[in-house]
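Q: Okay, here's the structure, questions in a sec.
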Amino acid sequence: MKNINQKDYKNYVDGIVPKPTYLKNCIWAFIIGGLICTFGQFITELVMNYGLNKKEAATATPIILIFLGAFFTGLGLYDRLGKFAGAGSIVPITGFANSIVSPAMEFKREGYVLGVAAKMFSIAGPVLVYGFGSSVIVGIIYYFID
Amino acid sequence: MAIKKLGSQTILFKNPPSIIATGSIVGPKEGEGPLKNYYDVILNDDLKNEKSWEKCESKMQIDAINTALNKSNLTEKDIDYLFAGDLLNQIISSGFAARKLAIPFFGLYGACSTMTESLSLGAMAVDGGFADKVICVTSSHFSTAERQFRYPLELGNQRALTTQWTVTGSGAAILSSEDKGPFITHVTTGKVVDPGIKDVNNMGAAMAPAAADTIVQHFKDSGFKIDDYDLIITGDLATIGKGIALDLIKKEGFDITSIYTDCGIEIFDNKKQDTHSGGSGCGCSAVVFTGYIYKEMLEGNVNRVLLVSTGALHSPTSVQQGESVPGIAHAITISNKKD
Chain A
27 MKNINQKDYK
37 NYVDGIVPKP
47 TYLKNCIWAF
57 IIGGLICTFG
67 QFITELVMNY
77 GLNKKEAATA
87 TPIILIFLGA
97 FFTGLGLYDR
107 LGKFAGAGSI
117 VPITGFANSI
127 VSPAMEFKRE
137 GYVLGVAAKM
147 FSIAGPVLVY
157 GFGSSVIVGI
167 IYYFID
Chain B
11 MAIKKLGSQT
21 ILFKNPPSII
31 ATGSIVGPKE
41 GEGPLKNYYD
51 VILNDDLKNE
61 KSWEKCESKM
71 QIDAINTALN
81 KSNLTEKDID
91 YLFAGDLLNQ
101 IISSGFAARK
111 LAIPFFGLYG
121 ACSTMTESLS
131 LGAMAVDGGF
141 ADKVICVTSS
151 HFSTAERQFR
161 YPLELGNQRA
171 LTTQWTVTGS
181 GAAILSSEDK
191 GPFITHVTTG
201 KVVDPGIKDV
211 NNMGAAMAPA
221 AADTIVQHFK
231 DSGFKIDDYD
241 LIITGDLATI
251 GKGIALDLIK
261 KEGFDITSIY
271 TDCGIEIFDN
281 KKQDTHSGGS
291 GCGCSAVVFT
301 GYIYKEMLEG
311 NVNRVLLVST
321 GALHSPTSVQ
331 QGESVPGIAH
341 AITISNKKD
């Protein structure tokens, strides 16, 4: 067989692969992501009703959401939600919990040190590194501008 | 002198080895697929009472081998060599399966092309007079492959539409210098073809040119016409790769549309089982061949088959370093007649 021109082949493949269903994905992400955030707001209102001030409620809400994200990951339900919610369940803090708990569960058989602990941040790690990194840079810029 | 060689990449056996028995074992999802009636064993859960998925995969190889041995009334002692491979690092499924079996062992890696690689080498050993009976076996497991090549199972991400589903299963075949067939008559060993695809979620496109290359070369070398075959079946190109392979082969002047399909398409009902593009993995062509095709051949429903297992020779490291995914495909002719 003649040699394949890699550029031509890539164009040919790009032309035949099924296109992702962007619109459907966006709508689902909007609905589920919106529901998770609304639920977060509900928790905030609820705990404030119980006497927490705004600052304390802002701490309690993510704690509860992270717990729920981790809990439903453990039950094996969060990945099913993620299948159709996409970014809608990845972007909220529950998705962050899922990205830490899922590798921790997956690598339990490799032990608690080199398995659970070492692999726990294999997906969330880059988010933390660049999240912390960029916030430090923005902080420095802010310091000089202000 | 290479007296058994035909053309540039093909071998014609003088004493074609007979496939005297096969064993196939699959996971629960495969057991719900369209070929469910053909497998010897269907697991209820993909852990099989083992402590890890890796242990389960290794156990599946042993069970596939034992099933084939039982069917042919043979024991481990009757077997001269074991040719085995899988997808895991350092092919641990095969090595650990061989640890339990007292059979001289050749460990192979050809990614998902390993089934026809092992059958090719096993057949050469038998035809060459180096062995009377050999076992060829491969396996793959969805959960072991996912954690090695992709993401944790519980991660809530979306799979691309081009992705394939790694088959949980193992298939074993016993080749013998004597018996009534089906026979392995020809082997066409593939070259590595790299079309430059870097998207690991599109393996079909990465492997299709290698499959097309091997199939075209097989026809050129062997002198077979397309009508000589009842079935040409690739390993795991799935829906996207199948279309590409057909296109590429047609461009070379061979139209195999009417007799061509792919194991990755046959093993799952993509729409019902949500397997996107189709099945993949060493186990895919292994269980489709040892389960479905072999039994159809014994029934006489198909008499000559070209089995072309296809592999993608990448690793997570190579992908992260920006390397493309090279493809490989090995073809074997299996026929109910010796000539």
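From first to last, the protein sequence lines stand for chains A and B.
All letters in the first sequence, in the order written, are residues 27 to 172 by the working numbering.
All letters in the second sequence, in the order written, are residues 11 to 349 by the working numbering.
Positions of the beta carbon are idealized from the N, C-alpha and C atoms, including for glycine.
What would DSSP say about A/Tyr138, mapped onto helix, strand or coil?
A: Position 112 of the first sequence holds residue 138 of chain A. Helix at A/Tyr138.
Q: Could you tell me the boundaries of the beta strand (DSSP E) in which B/Ala31 lies?
A: As a position in the second sequence, residue 31 of chain B is number 21, starting the count at 1. Per DSSP, B/Ala31 belongs to the beta strand (DSSP E) from 28-36.
Q: Return the residues of the stretch 29-48 of chain A that lie within a Cβ-Cβ distance of less than 7 angstroms from chain B, sorted by chain order.
A: The residues in question are Ile30, Gln32, Tyr35, Lys36, Val39, Ile42, Val43, Pro44, Pro46.
Q: So, for B/Asn313: in the same chain, excluding its five sequence neighbours on each side, which residues have a beta-carbon less than 6 angstroms away from its beta-carbon?
A: In the second sequence, the residue the question calls residue 313 of chain B occupies position 303. Within the same chain, B/Asn313 has close Cβ partners Asp240, Asn346.
Q: Under 7 angstroms Cβ-Cβ, which residues of chain A neighbour B/Arg157?
A: By one-based count along the second sequence, residue 157 of chain B stands at place 147. Those are Glu132, listed as they occur along chain A.
Q: Within its chain, find whatever has a CB closer than 7 angstroms to the CB of B/Ala255; leave out the 5 residues flanking it on each side and keep chain order.
A: Counted from its first residue, the second sequence places residue 255 of chain B at position 245. Correct list, in chain order: Ala218, Ala221, Ala222, Thr244, Leu247.
Q: Say whether the stretch 177-184 of chain B touches the stretch 290-307 of chain B, bearing in mind that this needs 3 or more beta-carbon pairs closer than 8 angstroms, one atom from each stretch.
A: With the cut-off at 8 angstroms, the stretch 177-184 of chain B and the stretch 290-307 of chain B touch.
Q: Nearest-angstrom Cα distance between A/Ala111 and B/Asp257?
A: Walking along the first sequence from the start, residue 111 of chain A turns up at place 85. Walking along the second sequence from the start, residue 257 of chain B turns up at place 247. The alpha-carbon atoms of A/Ala111 and B/Asp257 are separated by roughly 36 angstroms.
Q: Could you check what DSSP says for A/Leu176 in three-state terms: helix, strand or coil?
A: One cannot answer for residue 176 of chain A here, as it falls past the ends of chain A, which runs 27 to 172.
Q: By the 10 Å Cβ neighbour count, where 16 or more other Cβ atoms means buried, how is B/Glu309 classified, buried or exposed?
A: By one-based count along the second sequence, residue 309 of chain B stands at place 299. Under this definition B/Glu309 is an exposed residue.
Q: Is the beta carbon of B/Ser34 sitting closer than 8 angstroms to the one on B/Gly301?
A: The sequence position of residue 34 of chain B within the second sequence is 24, counting from 1. The sequence position of residue 301 of chain B within the second sequence is 291, counting from 1. Yes, the pair counts as a contact, with Cβ atoms nearer than the cut-off.
Q: With distances taken between CB atoms, is the gap from A/Asn79 to A/Tyr104 smaller than 8 angstroms?
A: Translated into the one-based positions of the first sequence, residue 79 of chain A becomes position 53. Translated into the one-based positions of the first sequence, residue 104 of chain A becomes position 78. Taking 8 angstroms as the Cβ cut-off, A/Asn79 and A/Tyr104 do not qualify as a contacting pair.
Q: Since B/Asp165 meets chain A, which of its residues come closer than 8 angstroms, beta carbon to beta carbon?
A: Your numbering for residue 165 of chain B matches position 155 in the second sequence. Inspection of the sequence shows that residue 165 of chain B is occupied by Leu rather than by Asp. Chain A residues near B/Leu165: Asp105, Gly108, Asn124, Ser125, Ser128, Pro129, Ile149.
Q: Can you find a CB in chain A that lies within less than 8 angstroms of the CB of B/Glu60?
A: Within the second sequence, the letter at position 50 stands for residue 60 of chain B. It does not: the Cβ of B/Glu60 has no partner Cβ on chain A nearer than 8 angstroms.
Q: So for B/Arg169, helix, strand or coil by DSSP?
A: Within the second sequence, residue 169 of chain B is the residue found at index 159, counting from 1. In this structure, B/Arg169 counts as coil in the three-state DSSP scheme.
Q: Could you tell me the distance, in whole angstroms, from the CA atom of A/Gly159 to the CA atom of B/Lys39?
A: What you label residue 159 of chain A is simply residue 133 of the first sequence in a count that begins at 1. What you label residue 39 of chain B is simply residue 29 of the second sequence in a count that begins at 1. Cα to Cα, A/Gly159 sits roughly 44 angstroms from B/Lys39.
Q: Determine the burial state of A/Cys52: buried for a count of at least 16 other Cβ atoms within 10 Å of its Cβ, exposed for fewer.
A: Mapped onto the first sequence, residue 52 of chain A falls at position 26. Under this definition A/Cys52 is an exposed residue.
Q: So, helix, strand or coil for B/Thr244, using DSSP?
A: Translated into the one-based positions of the second sequence, residue 244 of chain B becomes position 234. Reduced to three states, the DSSP call for B/Thr244 is strand.
Q: Are B/Glu67 and B/Ser103 touching if we call contact CB-CB under 8 angstroms?
A: Reading the second sequence from its first residue, position 57 is the one you call residue 67 of chain B. Reading the second sequence from its first residue, position 93 is the one you call residue 103 of chain B. Their beta carbons are under 8 angstroms apart, which means B/Glu67 touches B/Ser103 by this criterion.
Q: Please state whether DSSP places B/Arg160 in a helix, a strand or coil.
A: In the second sequence, the residue the question calls residue 160 of chain B occupies position 150. Coil at B/Arg160, not helix or strand.
Q: Should B/Leu79 go down as buried or exposed, given a rule of 16 or more other Cβ atoms within 10 Å for buried?
A: Counting from one through the second sequence, the residue named residue 79 of chain B turns up at place 69. That one is buried.
Q: Below 8 angstroms, can you find three or more Cβ-Cβ pairs linking the stretch 146-154 of chain B to the stretch 95-110 of chain B?
A: A contact exists between the stretch 146-154 of chain B and the stretch 95-110 of chain B.
Q: Between B/Glu262 and chain A, is there a C-beta pair that is closer than 8 angstroms?
A: Counted from its first residue, the second sequence places residue 262 of chain B at position 252. By this cut-off, B/Glu262 is an interface position.
Q: Pull out every residue of the stretch 297-328 of chain B whose Cβ sits closer than 8 angstroms to any Cβ of chain A, in chain order.
A: So the list is empty, because no residue satisfies the distance condition.
Q: Considering only residues of the same chain and omitting the five flanking positions on each side of B/Pro336, which have a CB-CB separation below 6 angstroms?
A: To locate residue 336 of chain B, count along the second sequence from 1; it is residue 326. Contacts found: Val202, Asp204, Leu323.
Q: By DSSP's criteria, B/Thr271 is part of a beta bridge. Which residues make up the other side?
A: Residue mapping note: residue 271 of chain B aligns to position 261 of the second sequence, counting from 1. B/Thr271 is bridged to B/Ile243.
Q: Tell me which residues share the same chain as B/Ile242 and place their Cβ nearer than 6 angstroms to its Cβ, disregarding the 5 neighbours each side in the sequence.
A: Start at 1 with the first residue of the second sequence, and residue 242 of chain B comes out as number 232. If we look at B/Ile242 and ignore the five residues flanking it on each side, its Cβ neighbours are Ile266, Ile269, Tyr270, Leu316.
Q: In terms of residues, what are the limits of the alpha helix (DSSP H) holding A/Lys36?
A: Here residue 36 of chain A refers to the residue found at position 10 of the first sequence. It spans 32-42 - the alpha helix (DSSP H) in which A/Lys36 sits, taken as one unbroken run.
Q: Tell me which same chain residues have a C-beta within less than 7 angstroms of the C-beta of A/Pro129, skipping the five on either side of it?
A: For the purposes of this step, residue 129 of chain A is taken as the residue at position 103 of the first sequence. So the list reads Lys145, Met146, Ser148, Ile149, once near-sequence residues are dropped.
Q: Please report the straight-line C-alpha distance between B/Phe159 and B/Thr327, rounded to a whole angstrom.
A: The residue labelled residue 159 of chain B in the question sits at position 149 within the second sequence. The residue labelled residue 327 of chain B in the question sits at position 317 within the second sequence. Each residue's Cα considered, the two are about 10 angstroms apart.
Q: With B/Ser328 as the anchor, note down where its alpha helix (DSSP H) starts and where it stops.
A: Translated into positions along the second sequence, residue 328 of chain B becomes position 318. Element bounds for B/Ser328: 326-330.
Q: Count the other CB atoms, across all protein chains shown, that sit within 10 Å of the CB of B/Asn311; report buried if there are 16 or more and exposed otherwise.
A: In the second sequence, the residue the question calls residue 311 of chain B occupies position 301. Flag for B/Asn311 reads exposed.
Q: Say whether the stretch 43-55 of chain B touches the stretch 109-119 of chain B, bearing in mind that this needs 3 or more beta-carbon pairs closer than 8 angstroms, one atom from each stretch.
A: Too few Cβ pairs lie closer than 8 angstroms, so no.
Q: Given a threshold of 16 other Cβ atoms within 10 Å of its Cβ, counted over all protein chains shown, does B/Pro192 qualify as buried or as exposed?
A: As a first step, residue 192 of chain B must be located in the second sequence, where it is residue number 182. Buried, by the Cβ-count rule.
Q: Kindly indicate if chain B contains any beta-carbon less than 8 angstroms away from that of A/Met146.
A: Residue 146 of chain A sits at position 120 when you count from the first residue of the first sequence. No, A/Met146 lies away from the interface with chain B (no Cβ there is under 8 angstroms from its Cβ).
Q: Can you give me the start and stop residues for the alpha helix (DSSP H) that A/Thr120 sits inside?
A: Position 94 of the first sequence, counting from 1, holds the residue named residue 120 of chain A. Its alpha helix (DSSP H) spans residues 119-132.
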